[in-house]
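For reference, the structure discussed in these notes is given below.
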Amino acid sequence: MLMSDILKEVGRGKRGARDLTYEEARAAATAIINGDASQAQIGAFLMAQRIKMESVDELKAFVDVLRSSAFRSPVSEGLDCAGPYDGRTTTFMATLATAFLLASAGLPVTLHGTAPLPPKWGVTLPDVLREMGVDTTEAPERLASSARSIEYGGVKFVPAEASCPPLGRLRPIREELGLRTILNTAEKLIDYSESPYLVFGVFHNTVFDRMAQLIQRLEYRKALIVQGPQGSEDVYIDRPTRTYRIDGGEAKLHVIDPEAYGLDTPLPSAKDTVWSASDQLQITEQVLRGEAHPAFVNQVMLSGAVRLELAGRVDSVEEGIYTCKALLDSGKPWHLYCHWRVSALAVRC
1 MLMSDILKEV GRGKRGARDL TYEEARAAAT AIINGDASQA QIGAFLMAQR IKMESVDELK
61 AFVDVLRSSA FRSPVSEGLD CAGPYDGRTT TFMATLATAF LLASAGLPVT LHGTAPLPPK
121 WGVTLPDVLR EMGVDTTEAP ERLASSARSI EYGGVKFVPA EASCPPLGRL RPIREELGLR
181 TILNTAEKLI DYSESPYLVF GVFHNTVFDR MAQLIQRLEY RKALIVQGPQ GSEDVYIDRP
241 TRTYRIDGGE AKLHVIDPEA YGLDTPLPSA KDTVWSASDQ LQITEQVLRG EAHPAFVNQV
301 MLSGAVRLEL AGRVDSVEEG IYTCKALLDS GKPWHLYCHW RVSALAVRC
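Using UniProt numbering, read the sequence shown as starting at 1 and increasing by one per residue.
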């Protein structure tokens with residue numbers, strides 16, 4: 001099916017457009033991701049999909065084609081943390097500190113991301129790594145397959161545009177559009193470590209059902225869709241967090257309330273406070289050293305406990321909280337972070 005024919009189907013406006021079949025969507029995704037579609041066609045398709053709203057078949061087609069274009073390396077029994085590639089602007093990125101906590105508990109974690117993208121243009125994981133002195137922006141041709149990711153002690157970071165080059169090629173048109181597109185969802189599900197467990201952040205609860213159907217079809221063993229701060233996979237610490245838990249082919253709404261675990265804590269900063277990459281790194285390190293405001297420590301502990309329970313490493317969230325607190329008190333996550341940072345700097349030299 002030609003791209004021009006596909007555009008006729010999705011570009012008839014809110015009422016006239018129809019969802020593509022999986023095969024049609026895969027043809028469109030292949031043309032876009034392989035560079036066979038023109039810039040005008042790519043822009044038209046992305047805008048038409050935004051107006052129509054993507055179906056599960058269309059999303060899965062884009063995920064499948066991106067996966068086929070990516071360098072993926074399995075990590076046994078690990079957890080994939082799929083946060084927003086457009087970053088964070090006014091909230092703490094708890095998932096980075098949580099990764100070192102989880103790895104200290106024996107659960108391998110994969111993080112991934114790119115330089116900031118629209119619509120938020122927020123601080124992303126590569127921005128924070130750059131604050132550490134770790135450059136993740138090398139051109140893909142300079143990265144040998146074994147060095148596409150930074151991995152040490154159970155924490156793996158994947159620079160997405162190096163490990164899935166089509167994402168880099170599509171960046172200019174996404175920046176020009178300045179809007180959320182189907183790629184904002186699909187890129188987070190490439191699953192670079194072929195993980196059996198997933199935590200996936202969403203911004204609006206209206207997408208819960210659709211994302212649950214998609215993730216069920218992607219055949220993760222267990223997954224948690226989280227309506228976290230700024231569409232992230234982190235849980236709130238000052239109010240309940242809505243989640244969808246996917247387990248055994250079923251998806252169920254589950255609300256995680258920090259008050260139920262005695263962890264609800266007011267945040268120390270105003271909601272409109274802008275976080276820089278330096279701020280993110282500073283608080284991450286303070287949490288791992290046990291020196292941060294209790295709200296941030298508790299947010300990391302609760303996020304960690306929920307993820308440990310999801311992956312079957314503890315029998316309950318309560319047990320997970322005790323486990324996370326003991327680990328933080330021991331200093332093990334901080335020491336792992338220090339060694340990981342040294343390893344990452346050595347890899348990039």
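Even for Gly, the Cβ is constructed at its ideal location relative to N, Cα and C.
Every value quoted in this text rests on a predicted model; they were computed, and no experiment measured them.
Once the 5 residues before and after residue i are set aside, which same chain residues still bring their CB inside 8 Å of it?
| i | result |
| --- | --- |
| Leu167 | Leu66, Thr114, Ala160, Glu161, Leu183 and Glu187 |
| Ala277 | Val123, Asp127, Val128, Arg130 and Glu131 |
| Ala292 | Ile283 and Gln286 |
| Gly106 | Gly154 and Arg313 |
| Arg217 | Val56 and Lys60 |
Please state whether DSSP places residue i in a helix, a strand or coil.
| i | result |
| --- | --- |
| Cys81 | strand |
| Val158 | strand |
| Val314 | coil |
| Val235 | coil |
| Ala344 | helix |
| residue 377 | Here the chain comprises residues numbered 1 to 349, so residue 377 is not present and cannot be evaluated. |
| Ala25 | helix |
| Ile190 | coil |
| Thr185 | helix |
| His204 | coil |
| Trp275 | coil |
| Val128 | helix |
| Pro229 | helix |
| Asn298 | helix |
| Gly262 | coil |
| Leu117 | coil |
| Leu281 | helix |
| Gly304 | helix |
| Leu143 | Legend: pLDDT at Leu143 = 43, less than 50; position of this residue unreliable, value from coordinates given subsequently. Correct three-state label for Leu143: coil. |
Output the boundary residues of the beta strand (DSSP E) element that contains residue i.
| i | result |
| --- | --- |
| Gly113 | Val109 to Gly113 |
Here's the rule: buried if 16 or more other CB atoms are within 10 angstroms of the residue's CB, otherwise exposed. What is residue i?
| i | result |
| --- | --- |
| Ala25 | buried |
| Ser316 | exposed |
| Ala144 | Below a pLDDT of 50, predicted positions are generally treated as unreliable, and Ala144, at 41, falls in that range; the measurement from the model is reported next regardless. Exposed. |
| Tyr322 | exposed |
| Leu102 | buried |
| Leu214 | buried |
| Thr243 | buried |
| Val63 | buried |
| Leu20 | buried |
| Val274 | exposed |
| Thr206 | exposed |
| Lys14 | exposed |
| Arg142 | Below a pLDDT of 50, predicted positions are generally treated as unreliable, and Arg142, at 43, falls in that range; no measurement from the model is reported. |
| Gly262 | exposed |
| Ser330 | exposed |
| Val158 | buried |
| Val342 | exposed |
| Asn34 | exposed |
| Arg239 | exposed |
From the DSSP output, read off the bridge partner residues of residue i.
| i | result |
| --- | --- |
| Ile246 | Ala223 and Ala251 |
| Ile150 | Phe157 |
| Ile256 | Thr241 |
| Val123 | Arg88 |
Using C-beta distances below 7 Å, list every residue in its chain close to residue i, excluding the 5 sequence neighbours before and after it, in chain order.
| i | result |
| --- | --- |
| Leu117 | Tyr85, Asp86 and Arg174 |
| Gly247 | Checking the displayed sequence, the identity of residue 247 turns out to be Asp instead of Gly. The answer, listed in chain order, is Lys222. |
| Gln39 | Ile173 |
| Gly201 | Ala82, Gly83, Pro84, Val226, Gly228, Gly231, Ser232 and Glu233 |
| Ala44 | Leu7 and Gly11 |
| Gly133 | Leu345 |
| Ala212 | Ile225, Tyr244, Ile246 and Ala251 |
Spatial neighbours of residue i within its chain, please: CB distance less than 6 Å, with the 5 preceding and 5 following residues excluded, ordered by chain position.
| i | result |
| --- | --- |
| Asp234 | Ala94, Thr95, Gly228 and Ser303 |
| Asp80 | Thr110, Asp191, Ser195 and Leu198 |
| Ser104 | Leu327, Lys332, Pro333 and Leu336 |
| Thr91 | Pro229 and Gln230 |
| Glu58 | Leu20 and Ala25 |
So residue i is in the alpha helix (DSSP H); what residue range does that whole segment cover?
| i | result |
| --- | --- |
| Gly320 | Val317 to Ser330 |
| Tyr197 | Note, Tyr197: premise wrong, no alpha helix (DSSP H); beta strand (DSSP E) at Tyr197 to Gly201. |
| Val65 | Val56 to Ser68 |
| Arg169 | Pro165 to Leu177 |
| Asp5 | Met3 to Val10 |
| Gly290 | Note, Gly290: premise wrong, no alpha helix (DSSP H); not H, not E. |
| Arg15 | Gly13 to Gly16 |
| Met211 | Phe208 to Arg217 |
| Gln41 | Gln39 to Lys52 |
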